[in-house]
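Take a look at the structure below.
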Amino acid sequence: MIRSANENADVQSTFGNIPLQGSTNSHLQEFRGTARGSRLNLLGEGHYRNTAITGYVEVDFLGSSTSGNELETNSWNARLRQLWSTIELSNGTSFLIGQGWSLLTTHRIGLKARNEFIPLSTDLQGVVGFNWARQWQLRVTKTLGPTLHMAVAIENPETSVSGVIQPTGVQGFNTSPNAQSPSNFFTTSTTSGANGVSTDLAPDIIGKLVWEPGYGHWELKGLMRFFRDRLNAHNHVAVGGGVGLAAVLPLTSTVNLIAEGLVGQGIGRYASTIGADLVASPSGKIVPIAAFHFMGGLEWHPTKEWDVYAYYGIEQYARTSYAGTSIGYGSPLADLSGCAVENPGALPCQAANATITQVQPGLWYRVITSDVGSVALGLSYSYTHRSVWSDSHGVQPWGENHMIMTTIRYYLP
672 MIRSANENAD VQSTFGNIPL QGSTNSHLQE FRGTARGSRL NLLGEGHYRN TAITGYVEVD
732 FLGSSTSGNE LETNSWNARL RQLWSTIELS NGTSFLIGQG WSLLTTHRIG LKARNEFIPL
792 STDLQGVVGF NWARQWQLRV TKTLGPTLHM AVAIENPETS VSGVIQPTGV QGFNTSPNAQ
852 SPSNFFTTST TSGANGVSTD LAPDIIGKLV WEPGYGHWEL KGLMRFFRDR LNAHNHVAVG
912 GGVGLAAVLP LTSTVNLIAE GLVGQGIGRY ASTIGADLVA SPSGKIVPIA AFHFMGGLEW
972 HPTKEWDVYA YYGIEQYART SYAGTSIGYG SPLADLSGCA VENPGALPCQ AANATITQVQ
1032 PGLWYRVITS DVGSVALGLS YSYTHRSVWS DSHGVQPWGE NHMIMTTIRY YLP
């Protein structure tokens, strides 16, 4: 892979942290080769009387430890992507328990696990504007008729505060001191910038209604979230969430149109940029950040050997700040003096993303398809533009990245 600006990233890009113009990394190209996207999976299926039972596990190697590097052995930790079981009853009711793609993720057909719409992109972070997560959940699905399905899930909660300037002493977020001490297995680093796990009030609740009238796949989905923090010896609670629409439509026998959108407050962690969810006011009151996500694209399958695609995505996050203070998200009083400096020293860069857009075309060509497996070649290009909220002087830093990725994949039968 080649990036025009260095993200210090593997095959999973950091769309929400593209280097801003003028910084050192904006002047350094990034070239990497990797095998860390390789996957191992195991599927088990069976029946007990009229009940279908399925189990699935999937791992890759994009996990890392504090000792992970490429100096000599190029060794990286295995990472659990999915581990779940489903029980499907004969009356059209099914249950899923375990870790898998969030119910918020758009499906291509129906509501079964492993039928999700996952962009064909080589970049494992997907596409800007694509809504997804992989996390533990308990899901109940019901078939209401030949064209109508519904599902409800409770899923792992976690709060993203990327780019947010918090009041001094606030607790409860993944970057708060209480999430890092006492030391725990959740903490990803023992140095500054460590991330723990937020102390949310309750699981996220997601509902989805799917309609397949004979032309395409249509979705209506909703999300509720329950945030909590603590400041000045008081707990504060707020509810966030959003509503979304999605469709997968066959324009011709070989061309599909995909579109999805989500709007709401406190929905940032479900986007490919891992956007900010909320701010804490100077008093500690939680205010979810208003956001909008959209992704659309075309997929063309001219023959069984070729897949050609083009996606476009956009994410927008509202300025949420407080007069006379830099606390909040995108405050005009935030210090951006170090954002466009090659050697900023002690100068800070308190940048908060306003809008991130991306175009991403690409293709796959299956060179070999046989009983012993298949070999596919992939090529993709993406252009991503990142703009952040301006300061009181109207200075608005921005960044861009051109990325080219190639890959060779061998699929076991």
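Those letters in the sequence shown? Residues 672 to 1084, by my numbering.
Where is the CB? At the ideal position from N, CA and C, for every residue including glycine.
How far does the beta strand (DSSP E) with M1076 in it extend, from its first residue to its last? From DSSP, the beta strand (DSSP E) with M1076 extends over W1069 to Y1082.
Pair within 8 angstroms by beta-carbon distance, A989 and L691: When the beta-carbon positions are compared, A989 and L691 stay at least 8 angstroms from each other.
As assigned by DSSP and simplified to three states, the class of G968: When secondary structure is reduced to three states using DSSP, G968 falls in the strand class.
I'd like to know whether the C-beta of T777 is nearer than 8 angstroms to at least one C-beta of chain D. Absent from the structure is chain D; it holds one protein chain and no more.
Specify, as a first and last residue, the run of the beta strand (DSSP E) that K879 falls within. Here the beta strand (DSSP E) through K879 covers D875 to W882.
Looking only at its chain, what residues have a beta carbon closer than 6 angstroms to the beta carbon of N827, apart from the 5 residues adjacent to it on each side? Counting only Cβ-Cβ distances below 6 angstroms, and skipping sequence neighbours, we find Q806 and W807.
Would you kindly work out how many angstroms separate the C-alpha atoms of R720 and L767, rounded to a whole number? Approximately 19 angstroms between the Cα atoms of the pair.
Coil, strand or helix - P848 by DSSP: The answer is helix: DSSP assigns P848 an H, G or I state.
Output the boundary residues of the beta strand (DSSP E) element that contains T959. This sequence places Pro at residue 959; Thr is not what is there. Start and end: I957 to P959.
Can you tell me whether R703 is helix, strand or coil according to DSSP? Coil at R703, not helix or strand.
Since W1029 is in the beta strand (DSSP E), which residue starts that stretch and which ends it? For the record, residue 1029 in the displayed sequence is Gln; it is not Trp. Where Q1029 is concerned, the enclosing beta strand (DSSP E) stretches over N1024 to S1041.
Going by C-alpha to C-alpha distance, which of I758, G935 and I1075 sits closest to G911? Taking only the C-alpha atoms, the option nearest G911 is G935.
Should F702 be labelled buried (16 or more other beta-carbon atoms within 10 Å of its own) or exposed? Within a 10 Å sphere around the beta-carbon of F702 sit fewer than 16 other beta-carbons, which makes this residue exposed.
What are the boundary residues of the beta strand (DSSP E) that G932 is part of? For G932, the uninterrupted beta strand (DSSP E) run begins and ends at V926 to Q936, by DSSP.
Kindly indicate which three-state DSSP category R940 falls into: helix, strand or coil? R940 carries a helical assignment under DSSP once its states are collapsed to helix, strand and coil.
Distance, Cα to Cα, Y1082 vs V1043? In this structure, the CA atom of Y1082 is about 9 angstroms from the CA atom of V1043.
Spatial distance of Y982 from Q851 (CA atoms): One alpha carbon belongs to Y982, the other to Q851, and they sit about 38 angstroms apart.
Any contact between the region 697–713 and the region 727–740? By contact I mean 3 or more CB pairs, one from each, below 8 angstroms. Touching, yes, given that three or more Cβ pairs across the two stretches are closer than 8 angstroms.
Please work out which residues of its chain come closer than 6 angstroms, Cβ to Cβ, to G967, disregarding the five sequence neighbours upstream and downstream, and give them in chain order. Counting only Cβ-Cβ distances below 6 angstroms, and skipping sequence neighbours, we find A930 and Y983.
CA-to-CA distance, T764 to L1050, given in whole angstroms: For L1050 and T764, the distance between alpha carbons rounds to 40 angstroms.
Go through the region 746–798 residue by residue and report every complete run of the beta strand (DSSP E) that reaches 3 residues or more, in order. Secondary structure in the region 746–798: the beta strand (DSSP E) runs of 3 residues or longer, each lying completely within the stretch, are 748–759 and 764–772 in chain order.
Compute the Euclidean distance between the alpha carbons of S675 and Y1054, then round it to the nearest angstrom. Approximately 10 angstroms, taken between the alpha carbons.
Under the three-state DSSP convention, the category G1044 falls into: Note: G1044 maps to strand in three-state DSSP.
With D948 as the anchor, note down where its beta strand (DSSP E) starts and where it stops. Per DSSP, D948 is not a residue of any beta strand (DSSP E), being assigned neither H nor E.
Just the C-alpha distance for E716 and I758, rounded to the nearest angstrom, thanks. Cα to Cα, the separation comes out at about 10 angstroms.
Ignore the nearest five residues each way along the sequence and tell me which others in W772's own chain have a CB closer than 6 angstroms to its CB. Hits under 6 angstroms: E787 and R805.
What are the start and end residues of the beta strand (DSSP E) that includes K892? Where K892 is concerned, the enclosing beta strand (DSSP E) stretches over H888 to L902.
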